[in-house]
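Numbering (this note's numbering), first residue to last: 2 to 386.
Positions of the beta carbon are idealized from the N, C-alpha and C atoms, including for glycine.
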Amino acid sequence: MQISDRNKSQKVIHMEDLYLQKTVEHNDLVTSVAKMDKVPLKFFELAVSCLNTENTPENNTVFLSKKTLFSFFKAEDNDKHARFKKALTTLHRQSIFEVQEVNTKGKLNFKIISPISSSEWNDYNDVVAIKFTEDIMPYLIDLKRNFTQYLITDIMELNSKYSIILYKWFSMNYNQYDTYKDTSKRTKNQINQMKNPYIDIQELRKMTNTVSEYDRIFDFEKNILKTALEEINKHTHFSITYDKIKTGRSISGIQFYIDKKVAKNSLPYKENDSEYIKDKVQQEQEQQELFNKAVQNKYTTILGENLLIGFRDMQDVTKMANLQKQVYPLYDELKKLRGMNGVKDHVSYVANHKNGAESQLQNIVKYLKRSIEQYLQIVKIQNID
2 MQISDRNKSQ KVIHMEDLYL QKTVEHNDLV TSVAKMDKVP LKFFELAVSC LNTENTPENN
62 TVFLSKKTLF SFFKAEDNDK HARFKKALTT LHRQSIFEVQ EVNTKGKLNF KIISPISSSE
122 WNDYNDVVAI KFTEDIMPYL IDLKRNFTQY LITDIMELNS KYSIILYKWF SMNYNQYDTY
182 KDTSKRTKNQ INQMKNPYID IQELRKMTNT VSEYDRIFDF EKNILKTALE EINKHTHFSI
242 TYDKIKTGRS ISGIQFYIDK KVAKNSLPYK ENDSEYIKDK VQQEQEQQEL FNKAVQNKYT
302 TILGENLLIG FRDMQDVTKM ANLQKQVYPL YDELKKLRGM NGVKDHVSYV ANHKNGAESQ
362 LQNIVKYLKR SIEQYLQIVK IQNID
């Protein structure tokens with residue numbers, strides 16, 4: 002398609018539009034192995050954000066301005082045009098996705114997909130045309146289920162391909178959690194796994210395309226995991242922590258914990274959506290109700306007496322609501338097994354053994370939740386014996 006002859010109804014994406022743009026991809030693409038460097042990967046994500054997810058664009062082509070590209074990549078130097086051409090050339094020549102799918106018989110199918118068919122621009126206007134391949138389109142358009150959406154402006158701030166890959170994976174898991182958390186379509190354990198996903202270390206290496214790199218877990222953690230999470234925690238609406246899970250003496254997997262920051266970076270493309278606004282109001286009301294219950298809950302008094310929470314904590318609506326929702330039901334479970342004194346003894350034990358756990362205590366809800374979950378496992382085993 003000639004740029005000058007493009008359909009006039011086709012919107013050219015400018016920088017101000019990106020704050021309203023969502024990137025939507027099938028989960029199989031999110032979990033695929035992206036064999037490309039950071040810049041081509043960001044280029045692809047930017048192009049995907051220009052798609053109208055409900056309608057296939059003519060010739061599978063999207064249009065965006067050169068100024069948008071330069072702003073997105075923060076390219077202001079005199080060499081930006083050459084670097085732009087180099088990034089597109091790399092995207093065409095070297096970039097592929099290795100997609101793994103489960104067929105109707107439960108067997109694995111493997112695909113290698115080149116994402117971009119052609120790119121076109123000229124010297125006399127600001128428009129760049131990017132055409133997707135036919136093979137990639139089913140993973141990007143008219144998705145009814147098993148898809149992930151996120152803000153392209155979050156991707157804009159990430160400077161490592163590992164940050165981008167993991168950010169998309171965290172988005173996929175959190176989106177699933179957000180979908181099912183208030184329904185009965187999944188068990189509590191399944192919902193918890195969506196918000197706090199575990200991944201086998203070999204699967205994580207495969208997804209980040211580091212199977213043959215950073216053989217020592219120390220090097221992998223330093224160069225991939227910590228660097229990526231530092232960027233994600235700084236620049237996106239997620240706050241991620243993790244634990245290394247051992248099998249014997251070896252690290253067999255990573256347990257992630259996903260929290261969402263209070264809407265500093267909300268999803269602007271939803272702000273005028275009546276359903277989104279209604280849901281947001283309902284969530285705020287539910288959180289306030291949880292807070293009110295927590296303030297009056299006997300377990301709050303016990304935690305306060307043991308100096309595990311203080312006055313400022315009790316003024317924190319989100320923190321108290323999370324205690325009421327995530328921790329106190331587990332205390333109820335312990336109370337049924339060991340009585341109120343059993344709960345008091347457990348909380349006292351946690352308080353007396355908190356030295357050395359200062360960094361973990363910064364997220365008191367997570368710390369208390371993990372403590373009671375571990376203790377409940379012990380209690381249940383003792384009851385069986």
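Quick one: what does DSSP say residue i is sitting in, helix, strand or coil?
| i | result |
| --- | --- |
| Ser251 | strand |
| Gln363 | coil |
| Ser172 | helix |
| Gln256 | strand |
| Tyr332 | helix |
| Ser349 | helix |
| Lys189 | helix |
| Ser72 | helix |
| Glu285 | helix |
| Glu26 | strand |
| Ile310 | coil |
| Ser50 | helix |
| Ile379 | helix |
| Asn266 | In this prediction, Asn266 has a pLDDT of 42, which is less than 50 and means its spatial position is unreliable; nothing more can be read from the coordinates. |
| Ser115 | coil |
In terms of DSSP beta bridges, what is residue i paired with?
| i | result |
| --- | --- |
| Glu102 | Asn110 |
| Val344 | Paired residue(s): none; Val344 is not in a bridge. |
| Ala35 | Phe98 |
| Tyr199 | Gln256 |
| Ile1 | Outside the modelled stretch of the chain, which goes from 2 to 386, sits residue 1, for which no answer is possible. |
| Lys261 | Phe239 |
Given this structure, state the Cα-to-Cα distance separating residue i from residue j, to the nearest angstrom.
| i | j | result |
| --- | --- | --- |
| Thr24 | Thr149 | 8 Å |
| Ile14 | Ile113 | 29 Å |
| Asp155 | His236 | 7 Å |
| Ser267 | Gln22 | The pLDDT assigned to Ser267 is 47, lower than 50, so where the model puts this residue is not dependable; a value taken from the coordinates is nonetheless given after this. Roughly 12 Å separates the two Cα atoms. |
| Gln297 | Met321 | 11 Å |
| Val344 | Val318 | 24 Å |
| Tyr270 | Leu226 | Residue confidence is low: Tyr270 scores 47 on pLDDT, short of 50, so the model does not pin down where it sits. Its coordinate-derived value is still stated next. Approximately 30 Å, taken between the alpha carbons. |
| Ile379 | Arg313 | 32 Å |
| Ile255 | Met195 | 14 Å |
| Ile202 | Asn56 | 38 Å |
| Arg187 | Tyr181 | 7 Å |
| Leu19 | Ser50 | 8 Å |
| Phe221 | Tyr215 | 5 Å |
| Met2 | Arg94 | Summary for Met2: the model assigns pLDDT 48, below 50, so the residue's position carries little reliability, and this model does not support an answer. |
| Lys36 | Leu89 | 15 Å |
Relative to the C-alpha of residue i, which residue among the options is closest?
| i | options | result |
| --- | --- | --- |
| Ile153 | Ala48, Arg313, Asn323, Asp216 | Ala48 |
| Ala295 | Asn126, Tyr332, Leu42, Phe111 | Tyr332 |
| Met208 | Ile165, Asp244, Tyr175 | Ile165 |
| Val103 | Tyr215, Thr32, Ser185 | Thr32 |
| Tyr243 | Glu306, Gln361, Gln286, Tyr151 | Gln361 |
| Asp136 | Ser115, Arg250, Asn342 | Ser115 |
| Asp179 | Gln284, Thr134, Tyr163, Asn126 | Gln284 |
| Asp183 | Gln288, Ala130, Lys132 | Gln288 |
Return no unless some Cβ of chain E is closer than 9 Å to the Cβ of residue i.
| i | result |
| --- | --- |
| Lys169 | Going by chain labels, chain E is absent from the structure shown, which holds only one protein chain. |
> In the region 123 to 158, which residue ranges form an unbroken beta strand (DSSP E) of at least 3 residues, counting only runs that do not cross its ends?
Replying inline: The qualifying runs are 128 to 133, 148 to 152.
>> Runs of 3 residues minimum, wholly inside the region 216 to 250: which ones carry the beta strand (DSSP E) assignment?
In response: Runs of the beta strand (DSSP E) lying entirely within the region 216 to 250 and spanning at least 3 residues, in chain order: 239 to 248.
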